[in-house]
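Heads up: the structure comes next, in structure tokens.
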Amino acid sequence: MTLTDNRHQAPPAVVATDLTKVYGQGDAVVHALRGVNVAFATGAFTAIMGPSGSGKSTLMHCLAGLDAATSGTVHVGDVELTALDDRRLTRLRRERIGFVFQSFNLLPTLTAEQNIRLPLEIASRQADQPLFDRVIDTVGLRNRLSHRPAELSGGQQQRVAVARALISKPQVIFADEPTGNLDSRSGAEILSFLRTSVRELGQTIVMVTHDPVAASYADRVVFLRDGELVTELATPTPQSVLDTLVKLEA
Amino acid sequence: MLRTALAGLRAHRLRLLLTALAILLGVGFIAGTFVLNDTVQAAFSQRVTADADKVDVAVLPRDAHAVLPARLLDRIRALDGVTDAQGLVRGPAPLLGRDGKTVGSLPTTALSVVRGPLDRTNVVSGTGPGTDDHAAVLDENTAKAQGFRIGDTITVLDHERGEHRFELVGLIDTGVDQMLAVTGALGFTPATTQRLTGAKGYREIDVAGDAPGLERAVAAAAGPGHVVKTGDELAADLARAAGVEARSFTLALLLFGIVAMMVAALVIYNTFNILVAQRTREMALLRCVGATRAQVFGSILLESAVVGALASALGLLAGYGLAALALTVLGVFDTPLPTDATASLTPATMAIGLAVGLLVTVGAAVLPARAATRVPPIAALRAQVEEPAFRTGLPRLIVSGLLLVAGLGTTAAGVLMFDPGQLSLVVVVAGGALTFLAVLILGPVLVKPLSAVVGRLPARLFGVPGRLAVENAARNPGRAATTTVALTIGVTLMTLISVVTASTRTTMTAQLDAQFPIDYLLAGQERDPVVPRAVAAELRRRPELSSVVQIREVRATVAGRRVDVGTYSGPITPAVASGSMTGFGPGQVALNESTARDLGARVGDSLSLQTAEAGRVALRVTALLDGSQSSLPPVTVAEGPFDRYFGAVPDTMVMVNAKDGVPPEQARKLVDAAAANYPVVQVTSSTEVRGEFDETLDMVLMIVTGLLGLAILISLLGIANTLSLSVHERTRESALLRALGLTRRQLRGMLSIEALVLGLIGALVGVVLGGVFGWAAMMAMLADAAYSLPVPQVVLFVLLSGLAGVLAAVLPARRAARASIVDSLATG
Ligand SMILES: Nc1ncnc2c1ncn2[C@@H]1O[C@H](COP(=O)(O)OP(=O)(O)O)[C@@H](O)[C@H]1O
Ligand SMILES: [Mg+2]
């Protein structure tokens, strides 16, 4: 397997250039992003860290085409998101992007399996059955497939969400505090799944977190403060991430 | 707590808006009905008051058909203090139209136009007849319809059908007299009126005078056989008589108002239920900080009271506007109602409107408010409001099952055990009410399977959004059921009325075919024997005609009762129910079944008939006739004996059939020609009769459907309301779907399909109920009723309901699609 090599040769999966986001007007104006330049390598697991209110979620929303940036550009692969209308943007999300949110990831009326297949069905695509089986077994949901979200624990629900994101083989998965609501054991499970999918399936993942332990699962951590990218770490450990954070907040 | 309630109102302003609109429409309709009635009644009494001011005392015969003798007028004139007294003559005097035939299906009424202060004729153009015995006035509507203008010569028949010519000198307004509005009115000098009508006296004597005790003096002069009224009493009686129709019209309208309010109550109930469910955490928080159950209950009722009061007040205004509009519309069509009056909003109307609106709103909010008190304080701490799991529950099944059995049983009993008529209909209505209650309770159980059936096609056609929509429609069965039942009410009634009209049409057409299997009917205005026998003789000579049947009838006494006795001549096959008419001849009689029942006669019995020219004769009953299939007289004897008993009376009617292949215009022309010399003989073709009948039915259907439209509209507000509240609840769900790649269009489509499914479920249940109870109502009203389900109409109802549901979803869907994904994900 030469996925690691591939990661360095392939063009980046997502690139943001001079990205700014301004909320409100006049006195209430908030500069959530102030000219962010960042690239996320294909086949890599990147974490975005920073203190609360630093703009992590805003950055992720703009990168994923969920929200429009005030200025600057975002490319996913060769497509410039910032130039797309809502319809094309929706299509792009449907075809190239996967999501794992902190909570409320699943439709309560659908079973786990239906939730997992939902993006494919919205896109009228056929599921890749070997991939489906592999993902289901990896996340250990085989005997939970016919359950509805209300019958699953928080950790199981997040596993369903991860499986759903993986099943459509998106160009990039965005995860916003995917372990924020979980106990540490379930959280660790989810993070291992994410890392495994990067290693074994070559999946590109961008994860927002404020937890140094979570960030340490990533290949690389970028740090935000007051809407600006201030520093980054390669091959992070919980301790190195924590140190960097402490330095930032000082 | 008051502050909390008001804050709640402000926060849910938008969500309560549709509810308020539902109340507003219901109250508006009811208030409008009252305003319309009040206005019409006020206008009636205003008009008669002006008339009655002229009259101080009026004398009327105790029996409405009797007349006052001329001697009485002389006696009253001679009384002290009487300044003027006039006798009013009134009677039938058929006007001839430009075609030389009598006008309308009833003879025109002739009135005497007196001179002096007691003249109550309202001449709107030209002059009155004055003393000119060759002058006449005519009511405006008849003049317009017949194309007569002042200066024209008109022809009027006297009571012996002699023709008289008059110059039309003026046009009159018939005022509040509903009878004149139907027959049309002619006015002449009193002498001419008397001569034309052959009246033997006066219908009323009006007295003017100012002596005290005048009424008593007149009463003394009139004696005990007469009614004496003051001018005011006369006015009040006239106004009441005039208003009777307006009042029954009001009552009918109110029924529709009640239906609308019922639907509004369901919508309100649903809204408050959903609001309470959505505010579970808020309620729990209130309980946590120390609010009692009673306070929570009170705050919700207060909220509903404020909404109810505001909406009802606006409803009153809407009602006033509606009534004013109705008056204008009625004014455009020549209705016999005083439409020039300005609408008036009386205190009673305001009180009723406000009370109804308030009671219905608060009443509908009671159950939801009780549900709110059941929220435990601990619910405030739960992170997420859980989906209410719906369980069918055995009690619900048992109760609704019992109700259903009781309802259908009652209905069946009403149809099977009672003779068609009012009682049977009442029982069927009661059965309908029970069945409806059963459906109401069973609703939540039905929603899931029905949505699966109805949603099969949309789910297949529209992929993921379609499937999710069908799931969502039945997701909260209680809510969906209430929403759809509101629509079901309207659709049930609409289907019922179209089944009843269609079945009536089929039944009547079948009966007309049986009874009136003819092309043309020649008869007088009032079923009198006025068609000279020469007409039938003339028609029989025409080779273009295949059959000519004469029917002759007179009033006579049979076994001590006044009945129509008659005979027939020509090729006709009597519908014999029992006995036989072969060899029907002298000494024999055939009876209609219903007449036989009245007389207590059976086949083989002997009856005595009092004849005009042959004294009393004894007749043997040889046959009973099926009345619904027969056009023979109720008491039929053979032709020869009839002429011997009653002389050479003219025919009552002549029924004519043309030969096959003879063009209708040609047949009509020769039938007209045979009747041309006889102004009283009117020619009707069966196509005309059927056409008029069809038009009447269509009209009824249109009006009722229009009035039910209100209930439907309110139920659509309910669908829109439920959807927008559900959309609000599912904000994060929608955002998630959008994030996963559902386009705005698909999201809008998803909500439209959900509404479509709700609309279709409501309509389907309504169509089934309406179809069944339309059948039951028909059977309860008419013997031998035919059942006809107007399939295209019913399919149209279902499609329109679905479409209307989709329309109701437009605004909620747009709101949902516009919401920003990021903001929506953050809520909750
Ligand atoms: N919809 C919004 N309107 C106004 N300000 C916002 C909005 N969303 C985020 N912000 C502000 O933008 C900044 C960045 O927010 P966010 O991206 O959520 O930070 P983080 O996820 O790092 O905690 C914060 O100051 C926040 O208050
Ligand atoms: Mg955040």
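Chains as they are written, first to last, in the UniProt record's numbering: chain A, 1 to 250; chain B, 1 to 828.
Even glycine gets a Cβ: it sits at the ideal position worked out from N, Cα and C.
Close partners of A123(A) in chain B (Cβ separation under 8 Å): G741.
By the neighbour-count definition (other C-beta atoms within 10 Å, threshold 16), Y23(A) is an exposed residue. Neighbours of F132(A) in chain B, taken as residues at a C-beta separation under 9 Å, are lacking, since the least C-beta distance is about 17 Å. Taking a cut-off of 8 Å on C-beta distances, the region 623-642 of chain B touches the region 592-608 of chain B, as three or more cross pairs fall below it.
At least one heavy atom of ligand 1 lies less than 6 Å from the C-beta of G53(A). Between ligand 2 and K21(A), a heavy atom-to-CB distance of less than 6 Å is absent. In this structure, V89(B) keeps its C-beta atom at 7 Å or more from the C-beta atom of T189(B). Relative to ligand 2, S103(A) has its C-beta separated by 6 Å or more from all heavy atoms.
Not a single CB atom of chain B sits nearer than 7 Å to the CB of H31(A). In terms of beta-carbon proximity, T209(A) stays away from the interface with chain B, with every pair separated by 7 Å or more. Sorted by chain position, residues whose beta-carbon lies closer than 6 Å to a non-hydrogen atom of ligand 2 are K56(A) and S57(A). For H147(A), the nearest beta carbon of chain B is not closer than 7 Å to its own beta carbon.
The beta carbons of L716(B) and T484(B) sit no closer together than 7 Å. Shown here, T46(A) sits in a strand according to DSSP, grouped into three states. When C-beta atoms of the region 448-457 of chain B are compared with those of the region 406-425 of chain B, fewer than three pairs fall below 8 Å, so the two segments do not count as touching. Approximately 5 Å separates the beta-carbon atoms of S216(A) and T237(A); this is inside 8 Å, confirming the contact. Residue range Q422 to V454 is occupied by the alpha helix (DSSP H) that includes Q422(B). Straight through space, the alpha carbons of L799(B) and L697(B) are spaced by roughly 23 Å.
Here A817(B) is near R744(B), since their CB atoms are less than 7 Å apart. Residue environment: V36(A) is assigned as buried (16 or more neighbouring CB atoms within 10 Å of its CB, all protein chains considered).
With contact defined as three or more Cβ pairs closer than 8 Å, the region 438-453 of chain B and the region 758-771 of chain B are in contact. Within the region 815-827 of chain B, the residues whose Cβ lies closer than 8 Å to some Cβ of chain A are S820, I821, V822 and L825, listed in chain order. Counting of Cβ neighbours within 10 angstroms places P571(B) among the exposed residues, the total staying below 16. The beta carbon of A816(B) sits no closer than 6 Å to any heavy atom of ligand 1. For M702(B), the secondary structure class from DSSP, reduced to helix, strand or coil, is helix. For I551(B), the enclosing beta strand (DSSP E) has its first and last residue at L545 to V558. The C-beta separation of L710(B) from A809(B) comes to about 21 Å, leaving the pair out of contact by the 8 Å criterion. Listed by position along chain A, the residues whose Cβ is nearer than 9 Å to that of G463(B) are E121, I122 and S124.
Identification of chain A residues near E754(B) by a Cβ-Cβ cut-off of 9 Å yields none; the smallest Cβ-Cβ distance measures about 12 Å. Ranking L345(B), V307(B), V375(B) and V399(B) by CA distance to the CA of L359(B) puts V307(B) first.
C-alpha of T392(B) to C-alpha of V704(B): approximately 37 Å in a straight line. When rounded, the separation of the alpha-carbon atoms in G50(A) and R396(B) is 56 Å. Closer than 7 Å to the CB of E471(B) there is at least one CB belonging to chain A.
Three or more beta-carbon pairs separated by less than 8 Å are not found between the region 19-26 of chain B and the region 71-88 of chain A, which leaves the two stretches without contact.
Contact annotation: F174(A) and M60(A) have beta-carbon atoms nearer than 7 Å.
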